[in-house]
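Student: In our numbering, the protein residues as written are 5 to 204.
I'd like to ask you about the structure that follows.
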Amino acid sequence: MSEIRVRKDVSFWKVFWFIILSTFIGFGGGNALFPILKRYSVDKYKWLSEKEFEENVLITNMLPGPSVIEALSYISFKMLGFWKGLIVVIFAVIPHVLLAFLLIYFSQYIEKKYLYVIEVGVMITIIGSLIIFVLNYYKKGIKGIKISLWFILFLTTFLFTLFIPAPYNMPVGIMILVIIIFSLIYFAKKCLNKEKEVKK
């Protein structure tokens, strides 16, 4: 990811309202919110380049923890610096916590059938948003990666999430596995090359 350079033309409150707006109008967490973050941080405000946003998505999905908070933190740190960025993220999260408590409190007065209807509506919105987001990245990635590799990656991810139960099916687990496999292949090739050189 590119070096973080603080933007002095962006105010604290603009970043604050960006976080509030993008998280309150979006449903779900993590990848479900990334299309909205992109719409504002890349398309509207031009705070990040397309490439930098894509790197942000990749890195935050590989790290443990909530990816949307990590992505928002990166954008905030880049715009305001570390301390102001940290403060704005904390302040922007408080309304969500308060709303969550209010919803939990008032949900006991709403009939369950209405809650199920709301849940179905939210799930459909999240699925639709994710399908568009995935198709967008698929179209970009298919140009640089062979279909066979796409299929292998898809199959590995699918099997990993299907057969390895939570909380063990973390993205960091498969990352570590891939790093170990590639490291073993790299060192094996290095040893073979050394042996060939010695024989010569």
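Note that the Cβ used here is the ideal one computed from N, Cα and C, for glycine as well.
1. Beta carbon of Gly89, beta carbon of Ser80: below 8 angstroms?
2. For Thr27, count neighbouring C-beta atoms within 10 Å of its own C-beta (all shown protein chains included) and say buried if the count is 16 or more, exposed if not.
3. Would you call Asn197 buried or exposed, if buried means 16 or more other Cβ atoms sit within 10 Å of its Cβ?
4. So, are the CB atoms of Val92 and Val14 less than 8 angstroms apart?
5. What is the rounded straight-line gap between the Cα of Phe110 and the Cα of Ala36?
6. Please report the distance separating the alpha-carbon of Leu153 from that of Ala192.
7. Let's test the definition: count the other Cβ atoms within 10 Å of the Cβ of Ala75 and tell me whether it reaches 16, buried, or not, exposed.
8. Using the C-alpha atoms, what's the distance from Glu59 back to Ala96?
9. Closest to Ile122 by C-alpha separation, out of Glu54, Leu107, Ile136, Lys200, would be which residue?
Tutor: Taking the coordinates as given:
1. Working through the sequence shown from its first residue, we reach residue 89 at position 85. Working through the sequence shown from its first residue, we reach residue 80 at position 76. A contact, by the Cβ cut-off of 8 angstroms.
2. For this step, residue 27 is matched to residue 23 along the sequence shown. Counting Cβ neighbours within 10 Å, Thr27 comes out buried, since at least 16 surround it.
3. As a first step, residue 197 must be located in the sequence shown, where it is residue number 193. It counts as exposed.
4. As a position in the sequence shown, residue 92 is number 88, starting the count at 1. As a position in the sequence shown, residue 14 is number 10, starting the count at 1. Contact: no.
5. Position 106 of the sequence shown holds residue 110. Position 32 of the sequence shown holds residue 36. Taking the straight line from one Cα to the other gives about 25 angstroms.
6. By one-based count along the sequence shown, residue 153 stands at place 149. By one-based count along the sequence shown, residue 192 stands at place 188. Each residue's Cα considered, the two are about 23 angstroms apart.
7. The residue labelled residue 75 in the question sits at position 71 within the sequence shown. Buried is the call here.
8. Start at 1 with the first residue of the sequence shown, and residue 96 comes out as number 92. Start at 1 with the first residue of the sequence shown, and residue 59 comes out as number 55. Between Ala96 and Glu59, the C-alpha separation is close to 24 angstroms.
9. On the sequence shown, position 118 is the one that residue 122 refers to. The residue with the shortest Cα to Cα distance from Ile122 is Leu107.
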